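Asks:
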């Protein structure tokens, strides 16, 4: 594990701390091979996937980032099982969103509209299928639009979940609204302010609660959701926001933090709802990101702390899957993108199946020969 920590320190491609925009790729990470068209891996569940977009406005609070806005506007993308196998595939993002994300991330090795040509597996505005479906709220990393978690969202939808991905306005490089406005990252100007991370996760917790309040009236098919079975999954600051949300909203009964430094403080009395940390080597006990050590002691219910060796911060997103299209050459020592995606999908789905569908998962009880990269902390990986 010490070797993994040393390797992880050098994994800089599109990596970021929970609250910092990513540094531009290193010059040795840019490939001379021309970019190729990208597509996301197929979902592994039994159902085809549909998707639709909703726009919500919270008039009860002003936007904390845009002082000219007297209401908080949100874009919500839903992914769900459908019986429909044919139809228009949903776009990954618009050309302008692709341009702003690549420019903001310092990526100049591919045309700026590259990600608008990426193919998803979901059918736009397809008719949902199923009843009493568990709901998974998903929150992306800082500066990232929700589309960067599309592969995981599609996979969960194919397994019978409704996934609600939130674009937290002004916290990513680009969010497009129906009237053509593109909200850019105003929060990026404040990310070095004291208390920024704590304030950010509290704002995201408010976003999630508002979405849960509004979904029944804003989505015509919301009666398909079992509102007693809700979980939250997030990456980076989105993962940090899972704890913050669960502390504020009892409707979220289980959560996963994927490689996010925690900012909300769990009370000394403890926190008893199921929670899983799933991360890279920076989050081993005694490692450079110590908040999981602190919070682990305060989780009093079902809990797991799993480190996936060979991963880095963006391994839990779509970014490695799109590296070829972006002309980015993966760094040595990092798991292949397809393997990292499989591990992420497998462990996230196992957690949700156990805690939202009451299907016990032996995979979560001990290391598996099929997935030797998964190390169970703190005892199994502490200082090893």
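In mature numbering (1 follows the signal peptide of the UniProt record, and there is no 0), the protein residues as written are -18 to -1, 1 to 366.
We put the CB at the ideal spot given by N, CA and C, even for glycine.
Since the model is a prediction, treat every value here as computed from it, not as a measurement.
Decide if residue 286 is buried, meaning its Cβ has at least 16 other Cβ atoms within 10 Å, or exposed.
Replies: Numbered from its first residue, the chain shown carries residue 286 at position 304. Residue 286 comes out buried.
Asks: Along the chain, where does the alpha helix (DSSP H) that runs through residue 277 open and close?
Replies: Position 295 of the chain shown, counted from the first residue, corresponds to residue 277. Residues 273 to 278.
Asks: Have a look at 229, 253, 217 and 246 and flag the residue whose alpha-carbon is nearest the alpha-carbon of residue 238.
Replies: Position 256 of the chain shown, counted from the start, is the residue given in the question as residue 238. Residue 217 is the option with its Cα nearest to residue 238.
Asks: Starting from residue 387, trace the beta strand (DSSP E) in both directions and tell me its first and last residue.
Replies: No answer is possible for residue 387: it lies beyond the span of the chain, which begins at -18 and ends at 366.
Asks: Could you pull out every unbroken beta strand (DSSP E) segment of at least 3 residues lying fully inside the region 219 to 253, listed in chain order?
Replies: You should have 236 to 240.
Asks: Between which two residues does the beta strand (DSSP E) carrying residue 84 extend?
Replies: Along the chain shown, one-based indexing puts residue 84 at 102. Premise fails: residue 84 lies in the alpha helix (DSSP H), 77 to 86, not in any beta strand (DSSP E).
Asks: Give me, in chain order, the residues of the same chain whose beta-carbon lies closer than 8 Å to that of residue 190; leave out the 5 immediate sequence neighbours on both sides.
Replies: The sequence position of residue 190 within the chain shown is 208, counting from 1. Closer than 8 Å at the Cβ level, and outside the excluded window around residue 190, lie 119, 121, 148, 214, 223, 227, 231 and 234.
Asks: So for residue 125, helix, strand or coil by DSSP?
Replies: For the purposes of this step, residue 125 is taken as residue 143 along the chain shown, with counting starting at 1. Reduced to three states, the DSSP call for residue 125 is strand.
Asks: Bridge partners for residue 32 per DSSP, in chain order?
Replies: On the chain shown, position 50 is the one that residue 32 refers to. Partner(s): 62 and 105.
Asks: What residues match up with residue 259 in a beta bridge as DSSP calls it?
Replies: Translated into the one-based positions of the chain shown, residue 259 becomes position 277. For residue 259, which the question treats as bridged, DSSP gives the partners 239 and 287.
Asks: Using the Cβ count rule (16 or more neighbours within 10 Å means buried), how would you classify residue 262?
Replies: In the chain shown, the residue the question calls residue 262 occupies position 280. Answer is buried; the Cβ neighbour count reaches 16.
Asks: If we count Cβ pairs, one from each stretch, closer than 8 Å, do we get three or more for the region 269 to 280 versus the region 326 to 345?
Replies: Short answer: they don't touch.
Asks: Could you tell me which of 195, 176 and 156 sits nearest to residue 98, measuring between CA atoms?
Replies: As a first step, residue 98 is located in the chain shown; it is residue number 116 there, counting from the start. Comparing Cα-Cα distances from residue 98 to each of 195, 176 and 156, the minimum goes to 156.
Asks: Which residues in the same chain as residue 129 place their Cβ atom closer than 6 Å to its Cβ, once the five residues preceding and following it in sequence are excluded?
Replies: Locating residue 129 in the chain shown gives position 147, counting from the first residue. Only 74 and 75 meet the Cβ criterion.
Asks: Hey, would you say residue 322 sits closer than 8 Å to residue 301, going by beta carbons?
Replies: Taking the first residue of the chain shown as 1, we reach residue 322 at position 340. Taking the first residue of the chain shown as 1, we reach residue 301 at position 319. No. Outside cutoff.
Asks: Roughly how many whole angstroms lie between the Cα atoms of residue 104 and residue 306?
Replies: Along the chain shown, one-based indexing puts residue 104 at 122. Along the chain shown, one-based indexing puts residue 306 at 324. Approximately 22 Å between the Cα atoms of the pair.
Asks: Which residues mark the beginning and the end of the alpha helix (DSSP H) in which residue 358 is found?
Replies: For this step, residue 358 is matched to residue 376 along the chain shown. Segment 356 to 359 is the beta strand (DSSP E) holding residue 358; no alpha helix (DSSP H) there.
Asks: Measure the C-alpha to C-alpha separation of residue 22 and residue 312 and round it to an integer number of angstroms.
Replies: Start at 1 with the first residue of the chain shown, and residue 22 comes out as number 40. Start at 1 with the first residue of the chain shown, and residue 312 comes out as number 330. Cα to Cα, the separation comes out at about 17 Å.
Asks: Within 10 angstroms of its Cβ, does residue 250 collect 16 or more other Cβ (buried), or is it exposed?
Replies: Translated into positions along the chain shown, residue 250 becomes position 268. Exposed.
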